[in-house]
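As given, the protein sequences belong to chains Z and V, one line each in that order.
So for the first sequence, this note's numbering puts the first residue at 1026; every next one is plus one.
So for the second sequence, this note's numbering puts the first residue at 1026; every next one is plus one.
In what follows, a structure is listed as structure tokens, so that the remarks can point back to it.
Number of protein chains: 2
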Amino acid sequence: MSGVIIPIQGTQSNSGKTPSVEPLMNLVQSDMERVNHLVLSKCGSQVEMIPEVARHLIDSGGKRLRPMLTLAAAQMCGYRGDHHVTLAASVEFMHTATLLHDDVVDESDLRRGKLAARMLWGNQASVLVGDFLLGQAFRMMVESGSMKALECLSHASTVIAEGEVLQLGTAKNLETTQDEYIEVVRAKTAALFAAAAEVGPILAGSNRSMLSAFRSYGNNLGLAFQLIDDALDYGGKAATLGKNVGDDFREGKVTLPVLLCYRRGGEKEREFWREAIEQGENDDTRLEEAMRLMHEKDALADTLERARQYCDLAKDALATIEDSPQKEALLEVLDYSLLRAH
Amino acid sequence: MSGVIIPIQGTQSNSGKTPSVEPLMNLVQSDMERVNHLVLSKCGSQVEMIPEVARHLIDSGGKRLRPMLTLAAAQMCGYRGDHHVTLAASVEFMHTATLLHDDVVDESDLRRGKLAARMLWGNQASVLVGDFLLGQAFRMMVESGSMKALECLSHASTVIAEGEVLQLGTAKNLETTQDEYIEVVRAKTAALFAAAAEVGPILAGSNRSMLSAFRSYGNNLGLAFQLIDDALDYGGKAATLGKNVGDDFREGKVTLPVLLCYRRGGEKEREFWREAIEQGENDDTRLEEAMRLMHEKDALADTLERARQYCDLAKDALATIEDSPQKEALLEVLDYSLLRAH
Chain Z
1026 MSGVIIPIQG TQSNSGKTPS VEPLMNLVQS DMERVNHLVL SKCGSQVEMI
1076 PEVARHLIDS GGKRLRPMLT LAAAQMCGYR GDHHVTLAAS VEFMHTATLL
1126 HDDVVDESDL RRGKLAARML WGNQASVLVG DFLLGQAFRM MVESGSMKAL
1176 ECLSHASTVI AEGEVLQLGT AKNLETTQDE YIEVVRAKTA ALFAAAAEVG
1226 PILAGSNRSM LSAFRSYGNN LGLAFQLIDD ALDYGGKAAT LGKNVGDDFR
1276 EGKVTLPVLL CYRRGGEKER EFWREAIEQG ENDDTRLEEA MRLMHEKDAL
1326 ADTLERARQY CDLAKDALAT IEDSPQKEAL LEVLDYSLLR AH
Chain V
1026 MSGVIIPIQG TQSNSGKTPS VEPLMNLVQS DMERVNHLVL SKCGSQVEMI
1076 PEVARHLIDS GGKRLRPMLT LAAAQMCGYR GDHHVTLAAS VEFMHTATLL
1126 HDDVVDESDL RRGKLAARML WGNQASVLVG DFLLGQAFRM MVESGSMKAL
1176 ECLSHASTVI AEGEVLQLGT AKNLETTQDE YIEVVRAKTA ALFAAAAEVG
1226 PILAGSNRSM LSAFRSYGNN LGLAFQLIDD ALDYGGKAAT LGKNVGDDFR
1276 EGKVTLPVLL CYRRGGEKER EFWREAIEQG ENDDTRLEEA MRLMHEKDAL
1326 ADTLERARQY CDLAKDALAT IEDSPQKEAL LEVLDYSLLR AH
């Protein structure tokens, strides 16, 4: 299956270099080492299977974008304590717990290019180790001593679960509207990005407009992030994705590019999508056909256009915040995200 | 299948009447109405399926013993605020979330005499609505404003998950020792009873010895409660249990009566248990044989004897606490629990 190049405009950073997540990584590096250390130590349990399952996922090299947001935002707000490290680890645990439960719900075989934990230890272990990590996430929030951070993150945990349940209803339903789909993404993905970005300023005791700014940045980055992921599934390369092109197609997932294609197609094309998504007729020939239709209907380009709009909103959200290397790096993450779609 | 009468001594309350949970229910009744109201309102979500699934379980009439512990303990420590109601609801949600996840892990068909939620809405909904309720439980803890209560309950949530994972390892393993089994019960069941009893005095700002006393009462009641449940599965009536006699047997669960029977049997009997528990040969004839062996080996009587010892420990734990109608009622719950086994 050939990779598909999707043209992206405006992805050059201000400096003219190729946008990258590296400046952000460099700025938070020393804090991030403490987060990684904490993450590993909080996976520990006398119950052997827990660190085994947890580390399988944690060692598999996610980019840890969410905790980096927490660290960078805390730095930008002049926070001087240690609890941004605790909360960043907490955010990463919430994310990891969600992934473990997601794989059970979606019956996924792969995660980040490795066998999903449920394939190695079973669904049972994935559910229960997810619960353990969620519990550890809350214990770390408590350690941070900030009631407001606890409020923000515990609220996010219910919104994420709501989003996942909402997604069950849209699953295999091609009549899902774009708005309904965006609501799912806002809850299941963007809510954690928003909370991750907001708890930094919360710890720093920043004012309401700072909290809103970071929250909005995280929310819109999260939306863009998911839409780009949706597009990549019909046009990226397995190696860079950690999942195979066509995974969403084979799992019958209703994503934005699919919804656009379905709505823009004639009756015969809609029948194709119903057979593929609802009835599971999704072999490689059909995947090729799906990808052809995506191009014909501009479904990938328009999904990425929508992602770009969310990136613009995220950029605007930070506009009133004082310039700093961290701000520059967060803005570059937006361009980097769009570039990923190449 | 005939019910089995297990002789119990010393189950008369001090007053000579048949011990009951009613005095406790009466003492906490007005608080409990507020808890029930809160539980229902916190099931709410615009995502329709969430209240449906949650209320299926919540309306199915568990006794709500755990939140009653929180309320009674708070009263006994002279707590005058409203947050004992919030925390009691939080405890009930933690319990409900655990049940939803348990049914997925155990592949159970029934819960409290009704079809398990996973049979009606699927495993996916059970996992995700469980996550939602856990999130709501944490939000209520945050509302209570007590960091110490948050610490106590979030710690319990990780211990419960550890206990569940530990149980995966003992599942179908007849070589499990009694000590290992008790460790599982301590984590997966007793930890929440202990936390439920302790958060009352925590809210009231009671001293360390009060906290320990209530914690110890809850822990030992929880241990007794589970062992009695284990015994009932081989000798109770479906109507009073909300589950069928022999459910544990048919699911191949390794419980204390099974472990005792296995260890006390000859090689031929051990082979019987291996076939039943490990290989799933568990039809009604075999269940009758299992129940016969339980009696022959005193496995039920000794399981209940162990439960009685834990009840004694729970009683002793409250000894230094000032007499009150609530204390009397909590002591009566111990006798009532043992009486359940009749």
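Glycine included, each C-beta is placed from N, C-alpha and C at the ideal position.
Counting along the chain, the unbroken alpha helix (DSSP H) around R1317 of chain V starts and ends at D1309 to E1321. Here the alpha carbons of A1249 of chain V and V1184 of chain V stand approximately 18 Å from one another. K1278 of chain Z sits in coil when the DSSP states are folded into three classes, being neither helix nor strand.
Cβ neighbours of A1098 of chain V within its own chain (closer than 7 Å, five residues either side excluded): A1222, G1225, P1226 and F1239. For V1072 of chain V against A1114 of chain V, the beta-carbon gap comes to about 20 Å, at or over 8 Å, which does not count as contact. For T1280 of chain V, no CB of chain Z lies under 8 Å from its own CB, so it is not counted at the interface with that chain.
Any Cβ of chain V closer than 8 Å to the Cβ of V1210 of chain Z would place that residue at the interface, and such an atom is absent. DSSP, reduced to helix, strand and coil, places K1088 of chain V outside both helices and strands of the structure shown, so it counts as coil. For L1312 of chain Z, the closest of Z:L1363, Z:A1326 and Z:G1260 by C-alpha to C-alpha distance is Z:G1260.
Pairing N1198 of chain V with S1133 of chain Z, the inter-Cα distance amounts to about 29 Å. In the structure shown, R1365 of chain Z adopts coil according to DSSP, grouped into three states. Among the residues facing chain V, E1077 of chain Z is not included, as its CB has no counterpart in that chain under 8 Å away. Residues of chain V with a Cβ closer than 7 Å to the Cβ of H1180 of chain Z are, in chain order, R1164. Contact annotation: G1243 of chain Z and A1219 of chain Z have beta-carbon atoms nearer than 8 Å.
Contact annotation: in the region 1214-1225 of chain V, no residue has its CB less than 9 Å from a CB in chain Z.
Listed along chain V are E1187, each with a C-beta nearer than 7 Å to that of S1070 of chain Z. The region 1289-1306 of chain Z and the region 1315-1332 of chain Z touch, with no fewer than 3 CB-CB distances between them shorter than 8 Å. By the rule that beta-carbons nearer than 8 Å mark a contact, Q1251 of chain V does not touch chain Z. By the neighbour-count criterion, in which 16 or more other beta carbons inside 10 Å mark a residue as buried, S1151 of chain Z falls on the buried side. Taking a cut-off of 8 Å on C-beta distances, the region 1038-1057 of chain V does not touch the region 1174-1192 of chain V, as fewer than three cross pairs fall below it.
Distance from the CA of M1119 of chain Z to the CA of L1112 of chain Z, rounded to the nearest whole angstrom, comes to 10 Å. Here L1175 of chain V is near V1167 of chain Z, since their CB atoms are less than 8 Å apart. Only residues of its own chain outside the window of five on either side were considered, and among them A1212 have a CB closer than 6 Å to the CB of E1187 of chain V, listed in chain order.
Nearest Cα to D1348 of chain Z within the set Z:E1047, Z:P1092, Z:C1102 and Z:K1067: Z:C1102.
Contacts with chain V at 8 Å (Cβ-Cβ) include Q1161 of chain Z. By DSSP's assignment, L1135 of chain V forms a beta bridge with V:L1140. If you check each beta-carbon in the region 1139-1158 of chain Z against every beta-carbon of chain V, the ones closer than 7 Å belong to Q1149, A1150, V1152, L1153, V1154, D1156 and F1157. Shown here, V1270 of chain Z sits in coil according to DSSP, grouped into three states, outside any helix or strand. Interface with chain Z (8 Å Cβ-Cβ cutoff): E1176 of chain V is included.
Chain order gives the chain Z residues near L1191 of chain V as V1072, where near means a beta carbon separation below 8 Å. Residue environment: E1047 of chain Z is assigned as exposed (fewer than 16 neighbouring CB atoms within 10 Å of its CB, all protein chains considered). Judged by their CB atoms, A1366 of chain V and V1279 of chain V are not nearer to each other than the 8 Å cut-off. Taking a cut-off of 8 Å on C-beta distances, the region 1089-1097 of chain V does not touch the region 1122-1140 of chain V, as fewer than three cross pairs fall below it. The residues E1276, in chain order, have a CB closer than 7 Å to that of D1131 of chain V in the same chain once the five nearest residues on each side in sequence are set aside. Secondary structure of I1346 of chain Z (DSSP, three-state): coil. Around the C-beta of L1252 of chain Z, 16 or more other C-beta atoms lie within 10 Å, and the residue is accordingly described as buried.
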